[in-house]
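Asker:
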Amino acid sequence: MILGIESSCDETAAAVVEDGGRVLSNMIASQHELHAEYGGVVPEIASRAHIERLWPVVRRALEEAAVGIEAIDAVAVGNRPGLIGSLLVGVSAAQALAWALGRPLIGIDHVQAHLHAATMRQRAGGADDAEQRHTATGDEVYPALGLVVSGGHTSLYRVDAPLELTLLGATIDDAVGEAYDKAAVILGLGYPGGPAVDGAAQRGRVGRYELPRSLLGADSLDFSFSGLKTALLYKVRGRPIGRGKEARFERSHADLPDQDRFDLAAAFQEAAIETLMVKLERGIERMSMDGVPPRCLLLGGGVVANSLLRRRAMQLGEVRGVTVRLAPMAFCLDNAAMIAGLAWHRLRRDRAGDGLQLAALSTPHRAPRPARR
Ligand code: KG4
Ligand code: ZN
Numbered sequence: 052m053i054l055g056i057e058s059s060c061d062e063t064a065a066a067v068v069e070d071g072g073r074v075l076s077n078m079i080a081s082q083h084e085l086h087a088e089y090g091g092v093v094p095e096i097a098s099r100a101h102i103e104r105l106w107p108v109v110r111r112a113l114e115e116a117a118v119g120i121e122a123i124d125a126v127a128v129g130n131r132p133g134l135i136g137s138l139l140v141g142v143s144a145a146q147a148l149a150w151a152l153g154r155p156l157i158g159i160d161h162v163q164a165h166l167h168a169a170t171m172r173q174r175a176g177g178a179d180d181a182e183q184r185h186t187a188t189g190d191e192v193y194p195a196l197g198l199v200v201s202g203g204h205t206s207l208y209r210v211d212a213p214l215e216l217t218l219l220g221a222t223i224d225d226a227v228g229e230a231y232d233k234a235a236v237i238l239g240l241g242y243p244g245g246p247a248v249d250g251a252a253q254r255g256r257v258g259r260y261e262l263p264r265s266l267l268g269a270d271s272l273d274f275s276f277s278g279l280k281t282a283l284l285y286k287v288r289g290r291p292i293g294r295g296k297e298a299r300f301e302r303s304h305a306d307l308p309d310q311d312r313f314d315l316a317a318a319f320q321e322a323a324i325e326t327l328m329v330k331l332e333r334g335i336e337r338m339s340m341d342g343v344p345p346r347c348l349l350l351g352g353g354v355v356a357n358s359l360l361r362r363r364a365m366q367l368g369e370v371r372g373v374t375v376r377l378a379p380m381a382f383c384l385d386n387a388a389m390i391a392g393l394a395w396h397r398l399r400r401d402r403a404g405d406g407l408q409l410a411a412l413s414t415p416h417r418a419p420r421p422a423r424r
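Residue numbers (my numbering): 52 to 424.
#1: Grouping DSSP H, G and I as helix and E and B as strand, with all else coil, what is E261?
#2: Over the uninterrupted alpha helix (DSSP H) stretch that includes M78, give me the two end residues.
#3: Is the beta carbon of P94 within less than 7 Å of some heavy atom of the ligand KG4?
#4: If you reduce the DSSP assignment to three classes, tell me which class R299 lands in.
#5: Let's test the definition: count the other Cβ atoms within 10 Å of the Cβ of T170 and tell me whether it reaches 16, buried, or not, exposed.
#6: Would you mind working out which of R290, G90, A66 and Q366 sits nearest A116, comparing C-alpha positions?
#7: Below 8 Å on the Cβ atoms is my guess for L216 versus L327; work out the distance and round it to an integer in Å.
#8: Beta carbon of A270, beta carbon of R333: below 8 Å?
#9: Judging by CA-CA distance, which residue of A230, H83 and V126 is the nearest neighbour of A322?
#10: Comparing C-alpha positions only, which one of V354, R256, G342 and S277 sits nearest to D311?
#11: For G228, does the three-state DSSP call read helix, strand or coil?
#12: Count the CB pairs spanning the segment 154–174 and the segment 383–400 that are closer than 8 Å, and state whether there are at least three.
#13: What's the C-alpha gap between G278 and D314?
#14: Using only alpha-carbon positions, find the residue among G250, A122 and G406 that is nearest to Q146.
#15: Check each candidate in E297, H304, R299 and G133 and name the one with the smallest Cα separation from V287.
#16: Return the residue from the list L350, A403 and R363 that minimises the CA-CA distance to M380.
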């Protein structure tokens, strides 16, 4: 029974997970309302809100799971990467709890946890525990091709086991979620941007506008989304007059009829998701060439909540004859169930955990990257 804590960005979350796959509670206090007026996360506001919300969220997670705190076998916390002030709140709380309970403390990489969420099953009424246990160890899952798409990360991995990841490619500029958030600002669609653009795109007509797909080199597994964002900016505002900070535009999103903004959102969504699908195809080919064709595609992170991505990924899996596991909706956005779920595998490997000196780190764990071919 593991208590997970997550506070890397603007969600304060706690969860209790049993046996790595049975999610007994998954509490999330979002701070969106605090950051909305700034159009993005303000680190100082986020840290303060984490301090206020963390204990109430932990208490609710224990209540919902109906377990006393003494029943917790280990405390897990997302300790990297993220906003350092936000991470410190979760890590300090987890240290205090682990010390007071005399239980192991486990630090979890937030990005790896997003990927792990794809192997977890959401409880729908009568949970299929047998399936959950199966996917927690997952004989038919590995080797897998993993894609993490969130506000901070766009990375492709070869995954040989829950704790064995090799980085195949990553974004060289914006993360895809970040591009969605910026697209929402450009289109005047509000915050947080991903769901707003997704919703607008569903009302838009595909094909009325064309936006570029940056695929980089012919066999590159890296990503780039800044060109797509700039192309959208020019389509919405027209050509810039002047340069740099002095630049002014012909018009703003407020001058466009709603239908045009929806059509532009649809064009943006097509370009962004198609780019991800091309990279998944290339990843399948790369792993096949390396003699380890993936059995499964694992997709995790906030952007996996996207309606078009979910549909296209399933279609891709069907065409390529590969199983697809999308993170369940409840585990796409930042949550602590994914932290506790992955920690179960750590605890099986290192019974003592990481020790009370666990550090909070703003940088991701460096998954090894194969030499460039
Ligand atoms: O995983 P997450 O909660 O936080 C990070 O680790 O970054 O991901 C948040 C990101 C945001 O950029 C948000 O706009 C995006 O996920 N997102 C979506 C959708 N829902 C959330 N992007 C596209 N379509 C969605 N439906
Ligand atoms: Zn995240």
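By construction, the Cβ of each residue, glycine as well, lies at the ideal position given by its N, Cα and C atoms.
From a predicted model like this one, the values you see are computed outputs, not experimental measurements.
Answerer: So, to answer that:
#1: coil
#2: Not the alpha helix (DSSP H): M78 falls in the beta strand (DSSP E), residues R73 to S81.
#3: no
#4: strand
#5: buried
#6: A66
#7: Between L327 and L216 the Cβ distance is about 18 Å, and since that is not below 8 Å, they are no contact.
#8: Before going further, note that residue 270 is Asp rather than Ala in the sequence given. It is a contact, given that the beta carbons lie within the stated cut-off.
#9: A230
#10: R256
#11: helix
#12: yes
#13: 19 Å
#14: G406
#15: H304
#16: L350
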